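Student: Let me begin by handing over the structure; questions about it come next.
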Amino acid sequence: MNMARVVTVAFVALLSPQSSVAQQDPVRDCRREGDAARVIRGCTAVIEHGKRIGGYPEAWVFVNRALAYEQIGEYRKAIVDYDLAIKLDPKNPVGYMIRGNAYVKLGDFVRGLGDLKHARQIDESDHRIPYNLGVAEESRGNFDAAVSHYSEAIRLKPDFVNGYNNRANVYCRLERVQESMDDRLASMSLGVTTPRTSQRFLRALGYYDGPATASMDAATINALRRWTRDGCPQNQRK
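The sequence shown begins at 2 in the numbering used here and counts up by one.
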């Protein structure tokens with residue numbers, strides 16, 4: 002039996018129903034999304050309880066606390082928890098991938114890319130890993146490598162909207178207008194971004210002044226092309 006599971010279950014079992022700690026349910030709080038402070042408190046309580054009874058929680062407890070630390074910008078604290086998660090589950094590629102992302106956010110591309118590449122060695126089928134490699138390479142201005150990684154992510158998951166959008170952004174920076182256009186249209190065809198959404202975006206930037214339509218008509222495509230040729234700016238034209 003996995004000791005980590007025993008520690009987590011025992012933590013809840015040892016609390017009385019009337020306990021204020023029981024009412025807070027640290028295990029549930031540790032699994033919560035969105036409320037970083039509550040997740041950190043819950044996961045920390047689970048970890049501290051494990052230490053008191055001589056056990057250790059599962060890797061997910063450290064991962065969840067690390068993700069919460071990242072949410073509030075505490076990347077170095079997050080990395081400490083990712084280190085512990087990886088020690089507990091060294092064959093799980095996700096641990097290396099998310100620790101690599103934290104290193105990239107700190108500007109440590111050597112360690113970040115090292116972790117991401119190690120994750121890919123463990124699992125070559127997860128589209129998220131080459132996608133995050135693409136994000137890392139794009140962040141440091143290595144656009145050709147970013148395109149290659151995004152392309153690999155799309156190959157693994159052909160309906161991966163973020164892959165198309167990010168590759169379109171990089172193509173735009175490389176002034177590869179038609180390829181950027183093709184990726185934007187591919188992304189729209191998957192139904193996440195609608196023509197009306199694109200028209201509102203382009204109108205706000207001063208590239209489109211036509212009516213809202215349910216299809217990508219010629220006016221919308223021409224506006225998208227002008228925006229792409231201008232380098233895909235995010236601010237209104239002057």
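All C-beta atoms in this analysis are idealised placements derived from N, C-alpha and C, irrespective of residue type, glycine included. Only a predicted model underlies this, so the values are computations on that prediction, with no experimental measurement involved.
Going by other Cβ atoms of all chains shown within 10 Å of its Cβ, with 16 needed for buried, is Thr198 buried or exposed?
Tutor: Exposed.
Student: Report yes or no: do three or more beta-carbon pairs, one from the segment 79-93 and one from the segment 126-137, lie closer than 8 Å?
Tutor: No: the two stretches stay apart, fewer than three of their Cβ pairs being nearer than 8 Å.
Student: Buried or exposed: where does Arg168 fall if 16 or more other Cβ atoms within 10 Å of its Cβ makes it buried?
Tutor: With 16 or more other Cβ atoms within 10 Å, it is buried.
Student: Could you tell me the alpha carbon to alpha carbon distance between Ala86 and Tyr97, rounded to whole angstroms?
Tutor: Ala86 and Tyr97: Cα-Cα distance of roughly 9 Å.
Student: Can you list, in chain order, the residues of its chain with a C-beta nearer than 6 Å to that of Cys233? Leave out the 5 residues immediately preceding and following it.
Tutor: Cys173, listed in sequence order.
Student: Taking the C-alpha atoms as reference points, what is the distance between Leu206 and Asn166?
Tutor: Going from the Cα of Leu206 to the Cα of Asn166 covers about 18 Å.
Student: Are Ala37 and Gln72 close, meaning C-beta to C-beta below 8 Å?
Tutor: Yes. Within cutoff.
Student: Between the beta-carbon of Asp84 and the beta-carbon of Arg66, is there less than 8 Å?
Tutor: Their beta carbons are not under 8 Å apart, which means Asp84 does not touch Arg66 by this criterion.
Student: For Asn3, collect the residues of the same chain with a Cβ closer than 6 Å to its Cβ; drop the 5 residues on either side in sequence, then sort them by chain order.
Tutor: Low confidence applies here, because Asn3 scores a pLDDT of 33, under 50, leaving its location unreliable and the question unanswered by this model.
Student: When you compare only the Cα positions, how much space is there between Lys78 and Tyr70?
Tutor: Roughly 7 Å separates the two Cα atoms.
Student: Given Thr214, which residues of its chain have a CB within under 8 Å of its CB, disregarding the five upstream and five downstream residues?
Tutor: Around Thr214: Pro196, Arg197, Gln200, Thr221.
Student: Quick test of your reading: Tyr208 and Arg227, contact by CB under 8 Å. State the CB separation rounded to the nearest angstrom.
Tutor: Confirmed, Cβ separation roughly 6 Å.
Student: May I have the straight-line CA-CA distance separating Gln24 from Glu34, to the nearest angstrom?
Tutor: Summary for Gln24: the model assigns pLDDT 43, below 50, so the residue's position carries little reliability, and this model does not support an answer.
Student: Taking the CB atoms as reference points, tell me whether Leu107 and Tyr151 lie closer together than 8 Å.
Tutor: Going by C-beta atoms, Leu107 is not nearer than 8 Å to Tyr151.
Student: Below 8 Å between beta carbons: does that hold for Asn163 and Tyr132?
Tutor: Going by C-beta atoms, Asn163 is nearer than 8 Å to Tyr132.
Student: Please decide whether Val62 counts as near chain D, where near means a Cβ-Cβ distance under 8 Å.
Tutor: Of the protein chains in this structure there is only one, and it is not chain D.
Student: With DSSP run on the structure shown, which of helix, strand or coil describes Val22?
Tutor: With a pLDDT of 41 at Val22, under the threshold of 50, the modelled position of this residue cannot be trusted; read the value that follows with caution. Three-state result, Val22: helix.
Student: I need the DSSP call for Gln200, collapsed to helix, strand or coil.
Tutor: In the structure shown, Gln200 sits in a helix (DSSP, three-state: H, G or I).
Student: Measuring only the C-alpha atoms, how far is Gly74 from Asp116?
Tutor: Each residue's Cα considered, the two are about 20 Å apart.
Student: Just list the alpha helix (DSSP H) runs in the segment 98-147, keeping only unbroken ones of 4 residues or longer that don't cross its boundaries, in chain order.
Tutor: 110-123, 129-140, all fully within the segment 98-147.
Student: Can you give the Cα-Cα distance for Ala154 and Asp184, rounded to whole angstroms?
Tutor: Straight-line Cα distance between these residues: approximately 13 Å.
Student: Tell me the rounded alpha-carbon separation between Gly43 and Arg29.
Tutor: Approximately 7 Å, taken between the alpha carbons.
Student: Between which two residues does the alpha helix (DSSP H) harbouring Asn163 extend?
Tutor: Per DSSP, Asn163 belongs to the alpha helix (DSSP H) from 162-174.
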